[in-house]
Amino acid sequence: LRTRRAEPRPCFRNSAKAWHPKLRFAVRISLPMTNHSPSTTAAAPRIAAAALALGAFAQLAQILVFREIMAICHGTEIIFGIVLAAGLVWTALGTLVAVRTMRRPAATAPERLRNALAVLASTTGLLLAFEIILARALAGWGAEAAGQAVSLSRAAALSLVVSAPAAILNGAMFAMALRLAPPARFSSLYRAESWGAVAAGLGFTFLLVHFAPPIHAALGAGLVMAAAGWLILRPPATWSRAAIAAVAGMTLVFAALPLELATQALAWHGLLPGYELREVRETPYGRVAALARPGSPQVSLYESGALVASLEPGASTSGTRPLADFCAALHPAPRRALVVGGGLGTMPEELARHGLDEVSAVELDPALFELARAYRGAGADPPHVARVAADGRAFVKRAAPGAYDLILISMGEPDTATVNRYYTLEFFRECRRAMADGGILVLVLPTYGGGTDYTGESLAARSACIWRTLREAFGEVRAAPISGFLFAAAKHAGAITFDPAELGRRLAARPAAAPMSPVTENGVTRLEPIAPDAYFEGLFGGVLAVQQSLDAGPTQERVAALEKVLAETPAALNRDEHPVAVAESLVLSAEVSGGTSRGPTLADVLHRGARWTVGVPLVATLLVSLTIFVRKRAGAGGSRRSALLLAAFATGLFGMALTVGLLAAYQNVRGYVYQEIGALMACFMVGLALGAWGVQPVLGRARELAGRAALFSVMAAMIGLAMALPAVVGALAGLASGAAAAAGFWALVLAVGFIDGAALPLLVSSGAQAEDERFGGRVYAFDLAGAALGALVCGGMWIPLFGLAGAMPAVAALIAAAALALLAL
């Protein structure tokens, strides 16, 4: 770098799938340059080919580990930031270990490095398969009760442990590959690695995810890496070739074993003891598993660790029919109904009994319908029932205005963006548009045994958040403690009634839905009709019973009590860009599992420490900027170096914070990110490469002023993009076409990568001119620290607590503080 013999290599930020590229740039700068023999120089194309294979494997490894943790931990997007930060830390550790090892001259001999790198590359598949098996073995670790969803604290610990081996190895191998290449080939080495990672991300997203189970994908990649190490690096030592052959043989043996199903069963043995795994499927939307107790006909379907439905062939509909009768009777004469969630059982059929012309049941994953049909033991659906595999939000958005008389939403706890997107103001407004003028929306929330007799602070806060959001979108909203908490909403006041007499009159006009009660006499059982008004009086433990009061007249005490609690509980609106219900649900889940009785949980800390999560980083950055400026005025040395390191820290935080924010927003708009995460990261990586390539003309001593201007321009672009991001994401969310929204997000991710990729070469160039050739290593360290903090605070704290519109100004303020420090110097 000091002699400018090679063009500066594009610098890669570690993102969800690629933490290594920027690492390679930094290691190249921080390691002393070694003399390369002509044979080593001639082998540079082979080193570049090896870098391409390493980049592809690193990308695949990150995708597989990320998906595995998401599948076990109920897919909470807060895990995005935790997994990213963990990978950054472990990759840095692997790099440091390799750097310290290669300080000894004997360890940097090209032949020795080629031998070691080829052997290590052959072990990658086994190591990655071990990570996947380890994640499944630890799935039930620390669970308080059988069937309990993995808590946020357990998910964070699992992410830290499982992501370590492959990330450490990747960091070490890339450092070794960089040391093998001559300085003039560094740029091509980086580009080869980058395009390898891009190819792996796209290949997995559009091809591999559909055909290869995770463990077999890991072992197959290991075999490819072993072949690449043998054929590309051509290790000279006989022992290294023998080791590669032995490891490849072990990989083939493990690939022939039924590890996939056995380890899946191991995971469920920890998560749900006493149940047997009947079937498991990897889909683009998550992992679907069917489980049952030995000898029991009832089968439970789980998707990404969360219970979706319990099915039993020939089971009575007594559990579904009362709720279906109540929901259908809320409308005087429904003709068309939409069921979003909860449509795998008999709910659509029970609604159709009320004379509806059409009942559409929507689920995102078609595998759920296939398994439900197989284990429910039912034949073809009735003529008026249609089960549709589609994104429920997109389905409602595409519906014609006034299309439905009744919309039933039963998606479960809104503790992830995937579920919470059905509880936001934006979705409720789309439902209002798709409802007929007298239509009714019914939303059911779980309460974990709570009700009007016990709501609890957390349960009331979560429920009040959704209650207030409904009231913002609809003219009338009612609530009742039915099947948890049931909310009913209509466009106009006075359209909703919970009066048992009126509901009974509506039911009496529908002969096919007449309630019947079994009566046994002389050993013979017959069905006798129930008076409709008495039927609703006695349903749900008498929740709808009317009590006479001298003061207030007839009242429904339990309904009134719930509505009073919800109205008096302060709550913020739940929006797409500010998912309040996610943060409230995490605290509620911790309370339900007994976490608060033992002391604060991670969810409690995030929820109750909202102020300091934003205040501390901002105040700290401002104080550092002020200190740098004061030291400069006092004539202290190293001030410019400190300002550049602060800028590197802010750059790392920018790239990771916006990447995590876009991943969460993409999942919120599209419904899932499980499959397309590889393609998104490929866009980010391409952006990094293009950004670093674009600033090459202004690097160098002769263009110092141009380099400074370019650096400030890049930092200004960071501030502008961070501030504009909420509005841009909101515009993308409003697009009717799913493909158009996806393309917009891909372009945004590429733009973030481009800006991020342009910053590091400029910082390194400025530091190398002002200080020494090892300054790049320090820039990398601060950049890595900023990236880790950005992943944690933005994905895990700021977005759930303050929304995208609240998080991005904080990111912009941090960058502005660092830019001011540079400007002052």
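So the number in my numbering is just where the residue sits in the sequence shown, counting from 1, plus 22.
Note that the Cβ used here is the ideal one computed from N, Cα and C, for glycine as well.
Which listed residue (the options) has its alpha carbon closest to that of residue i
i: Pro306; options: Ala389, Gly825, Ala531; result: Ala389
i: Glu479; options: Ala240, Gly162, Thr591; result: Thr591
i: Val604; options: Pro344, Leu86, Tyr444; result: Tyr444
i: Cys705; options: Ala773, Ala151, Cys453, Leu139; result: Ala773
i: Gly365; options: Val466, Pro356, Gly828, Met272; result: Val466
i: Val771; options: Leu785, Leu447, Leu743; result: Leu743
i: Pro551; options: Leu386, Val246, Ala535, Ser505; result: Ala535
i: Ala582; options: Gly713, Glu448, Asp521; result: Asp521
i: Leu86; options: Val119, Glu371, His406, Pro235; result: Pro235
i: Met703; options: Leu82, Ala70, Ala71, Ile69; result: Leu82
i: Glu325; options: Leu118, Phe391, Ala159, Ser787; result: Phe391
i: Gln320; options: Leu279, Ile254, Gly399, Gly713; result: Gly399
i: Ala732; options: Ala755, Val302, Leu785; result: Leu785
i: Pro436; options: Val381, Leu608, Trp768; result: Leu608
i: Leu76; options: Val121, Ser144, Asn137; result: Ser144
Assigned exposure category for residue i - 16 Cβ within 10 Å defines buried
i: Thr681; result: buried
i: Met538; result: exposed
i: Ala38; result: Any answer about Ala38 is weak, because its pLDDT of 35 lies below 50 and its placement is not dependable; what the coordinates show is given next. When all chains shown are included, Ala38 counts as buried.
i: His96; result: buried
i: Phe233; result: exposed
i: Ser318; result: exposed
i: Gly516; result: exposed
i: Asp413; result: buried
i: Ala523; result: exposed
i: Gln689; result: buried
i: Gln569; result: exposed
i: Trp261; result: exposed
Residue range of the unbroken beta strand (DSSP E) whose run includes residue i
i: Val568; result: Looking at the DSSP string, Val568 is not in any beta strand (DSSP E), and its letter there is neither H nor E.
i: Asp459; result: 457-467
i: Leu561; result: Unbroken run through Leu561: none, as it is neither H nor E.
i: Ser322; result: 321-325
i: Thr260; result: No beta strand (DSSP E) holds Thr260; the alpha helix (DSSP H) holding it covers 260-278.
i: Thr285; result: Premise fails: Thr285 lies in the alpha helix (DSSP H), 281-293, not in any beta strand (DSSP E).
i: Ser332; result: 328-333
i: Val246; result: Element bounds for Val246: not the beta strand (DSSP E) but the alpha helix (DSSP H), 236-250.
Unbroken alpha helix (DSSP H) run spanning residue i, endpoints
i: Ala177; result: 174-184
i: Val614; result: 602-614
i: Val441; result: 439-442
i: Arg420; result: 414-420
i: Glu498; result: Premise fails: Glu498 lies in the beta strand (DSSP E), 498-502, not in any alpha helix (DSSP H).
Spatial neighbours of residue i in its chain, beta-carbon cut-off 6 angstroms, leaving aside the 5 residues before and after
i: Val602; result: Cys487, Ala594, Asn596
i: Ile861; result: Nothing can be reported for residue 861: it is not among the residues displayed for the chain, which extend from 23 to 847.
i: Ala567; result: Glu559
i: Tyr557; result: Pro537
i: Ser619; result: Since pLDDT at Ser619 reaches only 42, below the 50 mark, its modelled position is unreliable, and the value read off the structure follows with that caveat. There are no such residues.
i: Thr146; result: Phe79, Gly244, Met247
i: Ile155; result: Thr285
i: Met433; result: Gly363, Val441, Tyr444
i: Gly162; result: Gly292, Leu293
Sequence-distant residues of its chain with Cβ nearer than 8 angstroms to residue i (five each side left out)
i: Phe450; result: Leu463, Thr491, Leu492, Glu494, Ala495, Phe496, Ala511
i: Leu299; result: Leu283, Gln286, Ala287, Trp290, Ala311, Ala312, Leu313
i: Arg315; result: Gly296, Tyr297, Glu298
i: Ala827; result: Glu599, His600, Pro748
As assigned by DSSP and simplified to three states, the class of residue i
i: Asp427; result: strand
i: Thr850; result: Only positions 23 to 847 of the chain appear in the structure, and residue 850 is not among them; the question remains open.
i: Thr577; result: strand
i: Phe152; result: helix
i: Leu386; result: coil
i: Val121; result: helix
i: Gly308; result: strand
i: Leu378; result: coil
i: Arg663; result: helix
i: Ala517; result: coil
i: Arg358; result: strand
Other residues of its chain near residue i: CB distance less than 7 angstroms, five sequence neighbours each side excluded
i: Leu806; result: Leu110, Ala114, Gly674
i: Ala64; result: The pLDDT assigned to Ala64 is 40, lower than 50, so where the model puts this residue is not dependable, and the model offers no usable value.
i: Trp217; result: Leu74
i: Ser20; result: Coverage of the chain is limited to positions 23 through 847, which leaves residue 20 absent and any answer about it impossible.
i: Arg357; result: Leu378, Asp379, Asp427
i: Ala838; result: Ile741
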